[in-house]
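Student:
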Amino acid sequence: MEDEDGIVTERKVLVHEIRADLERLSETVDNAQTVTADIRATIAMVADKMDALSDLMR
1 MEDEDGIVTE RKVLVHEIRA DLERLSETVD NAQTVTADIR ATIAMVADKM
51 DALSDLMR
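By full-length UniProt numbering, the letter at position 37 of the sequence shown is numbered 37, and the numbering carries on one by one without gaps.
(1) Grouping DSSP H, G and I as helix and E and B as strand, with all else coil, what is T34?
(2) What did DSSP end up calling E27 once you bin it into helix, strand or coil?
(3) Considering only residues of the same chain and omitting the five flanking positions on each side of E2, which have a CB-CB separation below 6 Å?
(4) So S26 and I39 are in contact, right, with Cβ under 8 Å, and what is the actual spacing, rounded?
(5) In its own chain, which residues sit with a C-beta less than 7 Å from the C-beta of V15, not counting the 5 before and 5 after it?
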């Protein structure tokens with residue numbers, strides 16, 4: 001796959017940054033005492049979708 005104008009590289013960097021942000025958010029939620037199960041489930045769903053997107057970009 002060609003990296004015209006660095007777009008592929010930029011997408012990979014952005015996906016990596018979003019994944020890192022989700023991991024930090026997950027850790028924050030794990031340490032919080034007042035987070036509802038619905039919020040935890042929503043974060044998990046977003047993280048799963050991010051993993052799927054990462055797999056598709058390889």
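Positions of the beta carbon are idealized from the N, C-alpha and C atoms, including for glycine.
Tutor: Judging by the given coordinates:
(1) coil
(2) helix
(3) none
(4) No, S26 and I39 are not in contact; Cβ-Cβ is about 11 Å, not under 8 Å.
(5) L53, S54 and M57, listed in sequence order.
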